[in-house]
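Per the working numbering, residue 4 is the first one in the sequence shown, and the count goes up by one each step. Using N, Cα and C, we set each Cβ at its ideal position, and we do this for glycine too. Working notes, beginning with the structure itself.
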Amino acid sequence: MIKAHAAIKFTKHPYIEDVGPRRIESIKFSTFSGTEVLNASEVQVYRASYYDERGNPVDNGLLDTHMGPLKNGGSCNTCYGKFRECPGHYGYLALALPVYNKCSRVLLEEKLRLDFLQKMRKPNIDPLRKSEILRNVVKKCNSLTASRRAVVCSRCGFINGVVKKGILRIEHDRARISDNYLDECKSAMSHTKEYKGGHASVSSTINPKTAYHLLKNMLDEDRELLYLNGRPEKLILTNILVPPTSIRPSVILEGGAQSNENDITMRLKSIIETNARLRQELQETNLEYKSLAQRLWDDLQMEVAHYINSDARANQFQMPGAKKLSGFVQRLNGKQGRFRSNLSGKRVEYTGRTVISPDPNLKITEVAVPILMAQVLTYPERVSHYNIERLRQSVRNGPDIYPGAKFLRLPDGTEISLKSSIRKRYADELKYGYIVDRHIEDGDVVLFNRQPSLHRMSLMCHRARIMPWRTLRFNESVCNPYNADFDGDEMNMHVPQTEEARTEALTLMGVQNNLCTPKNGEILVASTQDFLTSSYLITRKDTFYDRAAFSLICSYMGDAMESIDLPTPAFIKPIELWTGKQLFSVLLRPNAKMRVYVNLTLAEKNYGKSKETMCPKDGFVYFRNSELISGQLGKVTLGNGNKDGLYSVLLRDYGSHAAAACMNRLAKLSARWIGNHGFSIGINDVQPGVELNKEKKVTIDKEYAQCTGYIESYKSGSLELLPGCNIAETLEAKITGTLNNIRETTANCGSKGSPINICQMIACVGQQSVGGRRVPNGFLDRTLPHFEREAKDPDAKGFVQNSFYTGLSATEFFFHTMGGREGLVDTAVKTADTGYMSRRLMKALEDLSVYYDNTVRNASACIVQFMYGSDGLDPAQMEEKSGLPLNFERLFMKAKVFLETCIARYLSKSIEAGTAVGAIGAQSIGEPGTQMTLKTFHFAGVASMNVTLGVPRIMEIVNASKRIKTPIITTTLQCDNSDITAKMVKGRIEKTLLEEVAKSIKTSQASRLASIVISLDMKRIQGALLCINAYTVKESILRTPRMKLKEEQVKVLNPRKLEVILHADRNKLQFELHMLKNKLSKVVVKGINSVERAIIINESKEKDSCGNKKLKLLVEGTGLLSVMGIDGVDGCETTSNHIMEVRQTLGIEAARKKIIDEIQYTMSSHGMTIDIRHMMLLADLMTSKGEVLGITRYGIQKMKDSVLTLASFEKTADHLFSASVNGRVDRIEGVSECIIMGIPMHIGTGMLKIRQR
């Protein structure tokens, strides 16, 4: 039984009046003793029946009303409270014999015991360190029993045998105590005529009664040594608490004659029945070891175990097909358990959910709320001098007329429903200080959320706008943060109920304050789809408007709240005309009063890289003092994911209000303009022209001919090998590269938009890949039966030369479905993996926040980083793509006071104290994981050197895996411009087997003597530049442990030949000779055993000043220390992607740097940019304890000591049991604990306390 003591502290609560609020400061876990169970109980329970003949609960039964009223209308016989008032009271069940949950001393020498005890008694030692000391004590005791069959106690002389944990019992194997005693026993049995046979081995069961006495006699010093809080005999159950009826409610059936009982009640009934039978058997026989009594005792043990945990092993009493009853552990564990479902995540009121739809006429900070929803959701507004008349009208309208009110709360706490007809009287009597629960009105603060909530910006604050119809509507510019579309998505809305919550929501979660993602500082709230199309078309060179049209379109963008100054027309004669670019200049700066001067140069996607402003496709965007001089605006300028775009410049220079206002104007303008102008794409738009078809045919024929040439060279064996590849792998690499070029070439002939998509529709679908390679053979030596065997041509290996417009052939369609299926499976698998990884990251990082001294600390105030990201800057505020805080080039253009501006702007980028950098970092790393693929990628130009990337690689890093899929050591050479030197170093590193360099291995055999003669292939050895001869081979053979040969058995005949002599019995000679030959062929004669192979790569395509290329070695395998020590290797520049090996070889700082580099490399390989500060924080947390801890259930246990945090993560019951045994105290400091206990957490605005003077 577990009990928790809560230390309660009286504090000022900001929301509740007239009640003395109390806050739980800490929780201490401990175990109940039998006496404490009695003290906590109100009634003894010993009857198994539920009701008497009249249908009333039986006294001393499981539904006794002393434990609480059974149904609505009943009252409690203990506190006399009604059904909703009584909290419930415990009963107790006295067991006939105890059940589980010679001397009693620890099996350690006294000196060693005192040494461990001294460590355990050190002041200020944390629970994690105590647990480590306990593990060492147990390890030491286990080593004693493992090394010997028995251990003699130094204090009482008792011989302790091997103790084994069985199924709900503990076995002491006395037969293994001593061989001498066992021999004597067997001898005595053989000479005893009366002995009729028995057990072959003698073992005794340590029953609960024996264990109880052993634990009761344990000294307090040993208890302290074993990190036990209370007396250990408490762990043996003599009395069981019977929980109140309120937590095991009965379901009363119609008529009230019968009820369905809770699983816990049914478990207790089984315990009472078994306990009564055992008690009766003991009273009748008085022999507790009699077989029937023993069996009943075992049954009672099983029932009690299942009462606590129904998944306990050996559930032999479960009838086939019977309903499985859940225990207390099942109530706590898992996603639907109490911790995750009810404590960490709670159902809330004042929420709405419905389908979403777009409305470009709304501001980005607004959300349209249906009037039906606004009449249900309320906000408690306090009556004051400023709002009394408005609230009086709301009270008069009542709950059914909008805008109305549902409830009126008086200062004494009385709540009055306004459904009654006398609400007019309440309105007239309304006074200052009353609280009116009124309907949601325009301008109210609401929180808007779309699941899955992958990052901070999935939950943002908007202003309500009450509108007709039945959907929630918002501006499409805000789709990106929510990852929302309008194909039936639903979203949630929450209404904050206090002024403090509204203030925090607006300041911290407002859309206008979250235009940039904290992942990397890129703008996320930006124009999308139709807005971009309209902007692109409006800013074409040939778009002109007369005064009437220009004035009309300018009126689209406004809301009649600001004046618009028409610019000077671009053409005056023969008629005044304004350009589309001028329209955009007006949108950016509608009138002269607005001091917004944007200076920006940017290359759009269609920029032809000619002279900047003279780009024939008008792809160079040039703003000067908010006037658009040149360029058609597209996604680079107005879209998300860009730090150099227009909105980013507005945000950095003129604040979020200017950027938001520009988005609002563009949304209104675009929706009206494109609705009148029209824009569509149809099947005719993807119909290829005659010229395109000709060019496609020429391109495909040319590349097919090149592939045929490769295949012919492959068949003749004349194909030049790529480094590290055999002839088949070289062929695959060359053909794949050639076929990929076809699609890229034809894509460039296509239209605007995504080149690959357009190409696949118009020209050529391209090469289909499965597992990153061409389609593998599914049949014998061929992909499909439609092709010849050993066919390597493009059509037979998955190349689709048709387009979607022309349609695919049967074989092409089959290959295309193979590629598509891989994508589907990949998506399904990665969703679960990345979701679990994100949860682990969040649980590990949630407590980390920035303190006022710029350090990053956890909930226990332990320092994880001395300064966040080494510079204390906020990733969301960084302007440069590289993560620099300012774009200096742009600032140079416009300021004389450049230095002052830089300093002021730099300081404004500092991260604020209280920022939950841990949670933001976890989201920033976890959220991009969902966009990754689970594929293995290849090094450029090397087909067979795989390197794990994507989600599997991120998980390897985050989990701190000891074994990774593709360990690769990147080796820098001391002389990196010589092919010969590189080849020699490769030979020293790469594992070379004897069979690879031997010309022949021949055997000869006599009567009792045999020999194996090994001839070395010196031509191959010299070609590979290996320093191998018969003498080095002899050393390698003798050095190999499994060979077990003596020096005289290996003779060198000459530098190219050696002989191995074997002595054996004639019967075994043939077998031994065969075995020796097999072993010899696998002897490593050169290189490092743990290295599979090494390949030479060109680090740079360009040649250096000497005309040679820079060479590097990629070593596949482990053994970083050995590789660094190889002659010719630059050890200072050599590194591995195996983090645990780097930790072992180079230390914890190197491992930290490697974690950062590997995450950054993996993310960048998928085209994702994440601010390095997030990765630095994760690496610092993983290495903060002096070892690399993975973000797994085992790593998090070593990082955190909060019981509630660990219980809410995984293995709930295990953490609660160990906490009660060890007497752990949870200080309620971290985020998870605060959420569970319902108190403000100590990060963000909860970090500081406001005091009134």
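Here Thr277 is not near Leu73, since their CB atoms are 8 Å or more apart. Counting C-beta pairs closer than 8 Å gives fewer than three between the segment 339 to 359 and the segment 296 to 313, which falls short of the contact rule.
Taking Asn1057 as the centre and dropping the five residues before and after it, the same chain places the C-beta of Ala1033 closer than 7 Å to its C-beta, in chain order. Measuring C-alpha to C-alpha distances from Leu555 to each of Gly1170, Asn139, Arg675, Thr809 identifies Arg675 as the nearest.
Assignment of Glu418 by DSSP, reduced to helix, strand and coil, places it in the strand class. Fully enclosed beta strand (DSSP E) runs of no fewer than 3 residues occupy 623 to 627, 630 to 633 of the segment 611 to 692, in order along the chain. Under the three-state reduction of DSSP, Phe869 is assigned to coil, being neither helix nor strand. A distance below 8 Å separates the beta carbons of Ile469 and Ala377.
Comparing C-alpha distances from Asn1101 to each of Lys1022, Asp403, Asp982, Met870 shows the shortest one belongs to Asp982.
Between Ser1221 and Ile1239, the C-beta gap is not smaller than 8 Å, which leaves the two residues out of contact.
In chain order, Cys89 place their CB closer than 6 Å to the CB of Cys82, counting only its own chain and leaving out the 5 sequence neighbours on each side. Contact between Gln868 and Asp562 is absent: CB atoms are separated by about 46 Å, not below the 8 Å threshold. Here DSSP, grouped into helix, strand and coil, assigns Asp62 to coil. Taking a C-beta distance under 8 Å as the contact criterion, Ala879 and Gly524 qualify as a contact pair. Pro246 has its alpha-carbon roughly 12 Å from the corresponding atom of Gly330.
Proximity to Leu527 across Asn1140, Ser78, Leu641, Lys1089 peaks at Leu641, based on C-alpha coordinates.
His442: member of the beta strand (DSSP E) spanning 438 to 442, first to last residue. Annotation: His1245 to Met463 spans about 21 Å, alpha carbon to alpha carbon. Inter-residue distance for Ser387 and Val853 is about 39 Å (C-alpha atoms, whole angstroms).
When DSSP reads this structure, Pro383 sits in a beta bridge with Asp440. Taking 8 Å as the cut-off, the beta carbon of Ser841 is found no closer than this to the beta carbon of Gly924.
Pro402 is positioned such that its CB atom lies no closer than 8 Å to that of Gly436. Here DSSP, grouped into helix, strand and coil, assigns Gln1147 to helix.
Annotation for Lys795: Ile714 place their beta carbon closer than 6 Å to its own, counting only its chain and skipping 5 residues before and after. Under the criterion of beta carbons closer than 8 Å, Leu457 and Glu849 do not qualify as touching, at roughly 15 Å. Fully enclosed alpha helix (DSSP H) runs of no fewer than 4 residues occupy 223 to 228 of the segment 214 to 285, in order along the chain. Going by beta carbons, Leu1209 and Leu1083 fall outside the 8 Å limit. Under a 10 Å Cβ-count criterion, Ala467 is classified as buried, with 16 or more other Cβ atoms of the shown protein chains found around its own Cβ. A residue is called buried once 16 or more other Cβ atoms fall within 10 Å of its Cβ, and Tyr839, having fewer, is exposed. The beta carbon of Glu369 lies closer than 8 Å to those of His465, Arg466, Ala467, Arg468, Phe477, Asn478 in the same chain, with the five residues before and after it left out. For the pair Ala508 and Gly1249, the Cα-to-Cα distance works out to about 14 Å. With 16 or more other CB atoms across the displayed protein chains lying within 10 angstroms of its CB, Ile971 is buried. DSSP places Arg468 in the uninterrupted beta strand (DSSP E) bounded by 462 to 470. For Gly823 and Asp490, the gap between their C-alpha atoms comes out near 23 Å. Counting of Cβ neighbours within 10 angstroms places Gln585 among the buried residues, the total reaching 16 or more.
The beta carbon of Val1191 lies closer than 7 Å to those of Ala963, Ile1142, Met1143, Arg1146, Ala1154, Met1185 in the same chain, with the five residues before and after it left out.
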